[in-house]
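J.: Just so you know, the protein sequences line up as chains A and B, in that order.
The first sequence begins at 1 in the working numbering and counts up by one.
The second sequence begins at 425 in the working numbering and counts up by one.
All residues carry an ideal CB built from backbone N, CA and C; glycine is no exception.
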Amino acid sequence: MKNRKGFILIFAYAVVSVIVILVAAYVARSINEMRTSVREKDSASALYAAEAGIDVAFDWLKSQPTPPAGTAAFNVTGGTALATGTYTVIIDPDDSNPTSFTKRYKITATGLCNDSTRKVSLEVVQDNFSRHVWFTDSETFNGASVWFITNDSLNGPVHTNGSFNISGDPWFGDETSESGSTINYMHGGPPNDNPTFVEGISFNVEPTNMPTRATSLRAAAATSSGMRLYGNTSIVLNSNGTMNVTNATAGYNNTNMALPANGALFVENKIVNRRLSEYGNVTVRGTLNGRLSIGANNNINIAGNVTYNNSASTDMLGLIAERDLIINQGACANGGDLTIQASMMAMSDSFYLENWNTSMKGTLNVLGGIIQKERGAVGTFNTSTNSKASGFTKNYVYDERLRTTPPPFFPTTEDFIPVSWREQ
Amino acid sequence: MKTSGSRNNHGSSLIELMISIAILAIIGGSLSYFLLIGSAAWHTGDAEIQANQESRKGMMAMVKELRQAQDGNLRTTADVLFVDNAIYSNIKFIVISDTDGDGDTISAGGALEWSAPISYYVTGTQLVRLQNNAVTVLANNVTGVQFTKTVDTILGISVLNIALQTRKTSTEGRQIQSSQTCSVKIRN
Chain A
1 MKNRKGFILI
11 FAYAVVSVIV
21 ILVAAYVARS
31 INEMRTSVRE
41 KDSASALYAA
51 EAGIDVAFDW
61 LKSQPTPPAG
71 TAAFNVTGGT
81 ALATGTYTVI
91 IDPDDSNPTS
101 FTKRYKITAT
111 GLCNDSTRKV
121 SLEVVQDNFS
131 RHVWFTDSET
141 FNGASVWFIT
151 NDSLNGPVHT
161 NGSFNISGDP
171 WFGDETSESG
181 STINYMHGGP
191 PNDNPTFVEG
201 ISFNVEPTNM
211 PTRATSLRAA
221 AATSSGMRLY
231 GNTSIVLNSN
241 GTMNVTNATA
251 GYNNTNMALP
261 ANGALFVENK
271 IVNRRLSEYG
281 NVTVRGTLNG
291 RLSIGANNNI
301 NIAGNVTYNN
311 SASTDMLGLI
321 AERDLIINQG
331 ACANGGDLTI
341 QASMMAMSDS
351 FYLENWNTSM
361 KGTLNVLGGI
371 IQKERGAVGT
381 FNTSTNSKAS
391 GFTKNYVYDE
401 RLRTTPPPFF
411 PTTEDFIPVS
421 WREQ
Chain B
425 MKTSGSRNNH
435 GSSLIELMIS
445 IAILAIIGGS
455 LSYFLLIGSA
465 AWHTGDAEIQ
475 ANQESRKGMM
485 AMVKELRQAQ
495 DGNLRTTADV
505 LFVDNAIYSN
515 IKFIVISDTD
525 GDGDTISAGG
535 ALEWSAPISY
545 YVTGTQLVRL
555 QNNAVTVLAN
565 NVTGVQFTKT
575 VDTILGISVL
585 NIALQTRKTS
595 TEGRQIQSSQ
605 TCSVKIRN
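1. Just checking my contact of Gly496 (chain B) with Glu123 (chain A) at CB under 8 Å: how many whole Å lie between their CB atoms?
2. Taking the alpha helix (DSSP H) that Thr215 (chain A) falls in, what are its first and last residues?
3. Check the Cβ-Cβ distances between Ala14 (chain A) and every residue of chain B, and say whether any is below 9 Å.
4. Given a cut-off of 9 Å on the beta-carbon distance, is the pair Asp501 (chain A) and Asp115 (chain A) in contact?
5. What three-state label does DSSP hand Glu40 (chain A) in the structure shown?
6. For Phe409 (chain A) versus Thr363 (chain A), is the C-beta spacing smaller than 9 Å?
7. Mind pulling the chain B residues with CB within less than 8 Å of Thr314 (chain A)?
8. So which residues on chain B does Thr99 (chain A) lean against when the C-beta distance must stay under 8 Å?
9. Would you mind giving the Cβ-Cβ distance between Ala377 (chain A) and Leu338 (chain A), rounded to the nearest angstrom? I have them listed as a contact below 8 Å.
10. Assuming Phe203 (chain A) and Glu175 (chain A) form a contact by the criterion Cβ under 8 Å, report the distance between their Cβ atoms to the nearest whole angstrom.
11. Under three-state DSSP, which class holds Val16 (chain A)?
12. Give me the chain B residues within the contact set of Lys106 (chain A), using Cβ-Cβ distance strictly less than 7 Å, ordered along the chain.
13. Which residue or residues does DSSP assign as beta-bridge partners of Ser343 (chain A)?
14. Along the beta strand (DSSP E) that carries Thr117 (chain A), what are the first and last residues, could you check?
15. Can you give the Cα-Cα distance for Gly231 (chain A) and Ser277 (chain A), rounded to whole angstroms?
16. What is the DSSP secondary structure of Asn184 (chain A), reduced to helix, strand or coil?
17. Using a C-beta cutoff of 9 Å, does Leu9 (chain A) count as contacting chain B?
18. Are the stretch 297-309 of chain A and the stretch 324-341 of chain A touching, with three or more C-beta to C-beta distances below 8 Å?
19. Specify the secondary structure class of Asp526 (chain B) as computed by DSSP and reduced to three states.
20. I want to verify the contact list: residues of chain B whose CB lies under 7 Å from the CB of Ser420 (chain A), in sequence order.
21. Decide yes or no for the touch test of the stretch 598-607 of chain B against the stretch 515-526 of chain B: beta carbon pairs closer than 8 Å, at least 3 of them.
22. Which of helix, strand or coil does DSSP assign to Ser607 (chain B)?
23. Can you give me the Cβ contacts of Arg213 (chain A) inside the same chain, cut-off strictly under 8 Å, excluding the 5 residues immediately before and after it?
24. Say whether the stretch 177-195 of chain A touches the stretch 156-163 of chain A, bearing in mind that this needs 3 or more beta-carbon pairs closer than 8 Å, one atom from each stretch.
25. Identify the contact partners of Arg491 (chain B) in chain A, using a Cβ-Cβ distance below 8 Å as the criterion.
26. Check distances from the C-beta atoms of the stretch 466-480 of chain B to those of chain A and list, in chain order, the residues that come in under 9 Å.
27. Between Ile166 (chain A) and Asp193 (chain A), which are expected to be in contact by the criterion C-beta below 8 Å, what is the C-beta distance as a whole number of angstroms?
28. Roughly how many whole angstroms lie between the Cα atoms of Gly597 (chain B) and Thr549 (chain B)?
29. Could you compute how far the alpha carbon of Met227 (chain A) sits from the alpha carbon of Pro260 (chain A)?
30. Would DSSP call Thr110 (chain A) helix, strand or coil?
31. Taking Asn256 (chain A) as the reference, give the member of A:Ser225, A:Val236, A:Ala250 with the closest Cα.
32. Counting C-beta neighbours from all protein chains within 10 Å, is the total for Glu440 (chain B) 16 or more, i.e. buried, or is it exposed?
33. Any C-beta of chain B sitting closer than 9 Å to the C-beta of Lys2 (chain A)?
34. Would you kindly work out how many angstroms separate the C-alpha atoms of Trp538 (chain B) and Thr590 (chain B), rounded to a whole number?
35. Hey, could you find the ends of the beta strand (DSSP E) Arg553 (chain B) is sitting in?
36. Threshold first: 3 residues or longer. Then list the beta strand (DSSP E) segments lying entirely within the stretch 283-329 of chain A, N to C.
Printed below as a string of structure tokens:
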């Protein structure tokens, strides 16, 4: 009987052993899977904690009345506890900040959740109107709608404080936003009007108020390293890094001179005996070799091609009129093309072609951006066919450098914008 | 009594042996059955875990990089720009990068610094990453990957939806499939 009991017992042990081994293996595998899941959850929590740190530091930076000075990195808030995880965050001012008009900062946040650590950084710069390929306060001119039409293409950031008017199939290749709530379509919208927004379009965006005075540029031009002139001025930019200036008040008659050292040139209205004697208008054309912003108390007229000597270099031009930016009819022949390489701003009025509805031009090639209070016209079109009836065909190409680097003393929006997000 | 008892014992032993053999067969059969079931379950689970791990590994590698991609510049490997809500089986993109090694992502000329193009696609049963002619395997046993770009018009952000499928064959020949999906906010 003892032997029989032992025989069964061996089988019982075998069965139990197999079951125990299987269960143990399953449990071990489950624990392993659970640990993997926990690690993933902690890693995700650490990332979100780091991003929370970035947001806190970015909001702090935006709330400062003036950009933080110096070049030394500093903590904003340290070890702040969240529901899951903690973060530490530092702001590192760019080394160029003490001498640069546009301040840059690198925010680096480290998120921690249990054993998981994630580190992300966000580079931010002071926002500047010049980072737009297109910005308007209103898409109307003297109350009349001005339209984007078929074949119009804008491949940089676009914003209007009003609402877009669209006829046909224009193309928007970057972030696009408006403060209005709808698009005004010429033919009722898709499929007759079918714009492309590669990055979508945001509605009801808080308006960005345009300044009416180029305060920083004016102040920089008034220093010993800038240039301030009074009354009508003509400037021809030379590819050798100089310019020829004509200004009766200063006694310049096509006088060759170096560009201002700080890149700031401003033309004021001429006041004589407390009365306006001569408007501060500027006429400009030529090839720029260097960095320059030209401001005018009144209008800037474009009298011919305005180009960079080397658009891949640091050559950069800002044209800032406190009133209008006008392309002269004589800037190019009828049927001819015109090239303007600059970021242009008409602070109180518009960018337009003189007598835009009287002659047929070629293509207006812009490398840079157009910022204006009221949208001016550079041509007209047939509302039935969306084809050009007068003026220019638009070819506006964004200068990617403007995303982070504006022309000297170009007006800022008094805000900061993120330019790059990285995980290290 | 002894003789009789001895006879009885012999008789019992034969029957007992037969019964024992029968019991042994039943127990052995049951044990084998349980072992086979357990083994199959084990191998199936193992294949499932391997399929999951591959898809998870591939997804994590893609998500980490795609977060840093340039918005508005997501393309197919044939350089066709992504259209919203369309489904693509490969992707080509660039990420923000400190290419000049100066500690930031803005070049001396003022432009943002971007990496060389990166591509993800499936070749054979491998999910691969291609950059500068260098191919890296992100995951094995992959049967498909899909990319779909959508735009959140309320938040004004672009979102890339990724779906990745993997398949692993267990030793019993069963096809175990795993699928992962993830939505990535494009940050640059």
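T.: On the basis of the supplied data:
1. The count along the second sequence starts at 1 and reaches residue 496 (chain B) at position 72. The count along the first sequence starts at 1 and reaches residue 123 (chain A) at position 123. That belief does not hold up - the Cβ atoms of Gly496 (chain B) and Glu123 (chain A) are roughly 19 Å apart, past 8 Å.
2. Looking up residue 215 (chain A) in the first sequence gives position 215. First-last of the alpha helix (DSSP H) with Thr215 (chain A): 215-221.
3. By one-based count along the first sequence, residue 14 (chain A) stands at place 14. At least one chain B Cβ lies under 9 Å of Ala14 (chain A).
4. Examination of residue 501 (chain A) is not possible in this model, given that chain A is present from 1 through 424 alone.
5. Here residue 40 (chain A) refers to the residue found at position 40 when the first sequence is read from its first residue. If DSSP states are grouped into helix, strand and coil, Glu40 (chain A) belongs with the helices.
6. Along the first sequence, read from residue 1 onward, the residue named residue 409 (chain A) stands at position 409. Along the first sequence, read from residue 1 onward, the residue named residue 363 (chain A) stands at position 363. No, Cβ-Cβ distance for Phe409 (chain A) and Thr363 (chain A) is not below 9 Å.
7. For this step, residue 314 (chain A) is matched to residue 314 along the first sequence. For Thr314 (chain A), the residues of chain B that pass the 8 Å Cβ criterion are Ala532, Gly533, Gly534, in the order they occur in the chain.
8. Along the first sequence, read from residue 1 onward, the residue named residue 99 (chain A) stands at position 99. What Thr99 (chain A) touches in chain B: nothing, since even the nearest Cβ is about 14 Å away.
9. In the first sequence, the residue the question calls residue 377 (chain A) occupies position 377. In the first sequence, the residue the question calls residue 338 (chain A) occupies position 338. Contact between Ala377 (chain A) and Leu338 (chain A) does not hold, since their C-beta atoms are separated by about 15 Å, which reaches or exceeds 8 Å.
10. Position 203 of the first sequence, counting from 1, holds the residue named residue 203 (chain A). Position 175 of the first sequence, counting from 1, holds the residue named residue 175 (chain A). So it is not a contact: roughly 13 Å between Cβ atoms.
11. Within the first sequence, residue 16 (chain A) is the residue found at index 16, counting from 1. Here Val16 (chain A) carries a helix assignment [DSSP, helix/strand/coil].
12. By 1-based counting over the first sequence, the position of residue 106 (chain A) is 106. Result: Asp528.
13. Taking the first sequence and counting its residues from 1, the one referred to as residue 343 (chain A) is at position 343. Beta-bridge pairing links Ser343 (chain A) to A:Gly318, A:Gly369.
14. Position 117 of the first sequence holds residue 117 (chain A). Per DSSP, the unbroken beta strand (DSSP E) holding Thr117 (chain A) starts and ends at 116-128.
15. One-based indexing of the first sequence puts residue 231 (chain A) at position 231. One-based indexing of the first sequence puts residue 277 (chain A) at position 277. Distance between Gly231 (chain A) and Ser277 (chain A), taken at the CA atoms: about 8 Å.
16. In the first sequence, residue 184 (chain A) corresponds to position 184, counting from 1. Looking at Asn184 (chain A) - three-state DSSP - the assignment turns out to be strand.
17. Residue 9 (chain A) sits at position 9 when you count from the first residue of the first sequence. Taking Cβ atoms only, chain B never reaches closer than 9 Å to Leu9 (chain A), which makes this a no.
18. The answer is yes - the stretch 324-341 of chain A touches the stretch 297-309 of chain A, with three or more Cβ pairs under 8 Å.
19. To locate residue 526 (chain B), count along the second sequence from 1; it is residue 102. Here Asp526 (chain B) sits in coil by DSSP.
20. Your numbering for residue 420 (chain A) matches position 420 in the first sequence. Correct list: Ile520, Thr529, Leu536, Asn612.
21. No, they do not touch.
22. In the second sequence, residue 607 (chain B) corresponds to position 183, counting from 1. Of the three classes helix, strand and coil, the one that applies to Ser607 (chain B) here is strand, per DSSP.
23. Residue mapping note: residue 213 (chain A) aligns to position 213 of the first sequence, counting from 1. Spatial neighbours of Arg213 (chain A) in its own chain (CB-CB distance under 8 Å, excluding positions within 5 residues in sequence) are listed in chain order as Glu322, Met347.
24. The stretch 177-195 of chain A vs the stretch 156-163 of chain A: in contact.
25. For the purposes of this step, residue 491 (chain B) is taken as the residue at position 67 of the second sequence. One finds Trp421, Glu423 in chain A with Cβ atoms closer than 8 Å to the Cβ of Arg491 (chain B), taken in chain order.
26. Along the stretch 466-480 of chain B, going in chain order, the ones with a CB nearer than 9 Å to a CB of chain A are Trp466, Gly469, Asp470, Ile473, Asn476, Gln477, Arg480.
27. Walking along the first sequence from the start, residue 166 (chain A) turns up at place 166. Walking along the first sequence from the start, residue 193 (chain A) turns up at place 193. Indeed, because the Cβ distance is near 5 Å, the residues count as touching under 8 Å.
28. Reading the second sequence from its first residue, position 173 is the one you call residue 597 (chain B). Reading the second sequence from its first residue, position 125 is the one you call residue 549 (chain B). In this model, Gly597 (chain B) and Thr549 (chain B) are separated by some 17 Å (Cα to Cα).
29. As a working mapping, residue 227 (chain A) is identified with position 227 in the first sequence. As a working mapping, residue 260 (chain A) is identified with position 260 in the first sequence. If I take the Cα positions, the gap works out to 6 Å.
30. Here residue 110 (chain A) is taken as the residue at index 110 of the first sequence, counted from 1. In this structure, Thr110 (chain A) counts as strand in the three-state DSSP scheme.
31. Locating residue 256 (chain A) in the first sequence gives position 256, counting from the first residue. Measuring C-alpha to C-alpha distances from Asn256 (chain A) to each of A:Ser225, A:Val236, A:Ala250 identifies A:Val236 as the nearest.
32. Along the second sequence, read from residue 1 onward, the residue named residue 440 (chain B) stands at position 16. Glu440 (chain B) should be labelled exposed.
33. As a working mapping, residue 2 (chain A) is identified with position 2 in the first sequence. Note on Lys2 (chain A): pLDDT 49, under 50, position unreliable in the model; no value is reported.
34. By one-based count along the second sequence, residue 538 (chain B) stands at place 114. By one-based count along the second sequence, residue 590 (chain B) stands at place 166. Between Trp538 (chain B) and Thr590 (chain B), the alpha-carbon positions lie close to 31 Å from each other.
35. Here residue 553 (chain B) corresponds to residue number 129 of the second sequence, with the count starting at 1. Looking at the DSSP string, the run of the beta strand (DSSP E) that includes Arg553 (chain B) is 550-555.
36. Here the runs fully enclosed are 291-296, 300-308, 316-321, 325-327.
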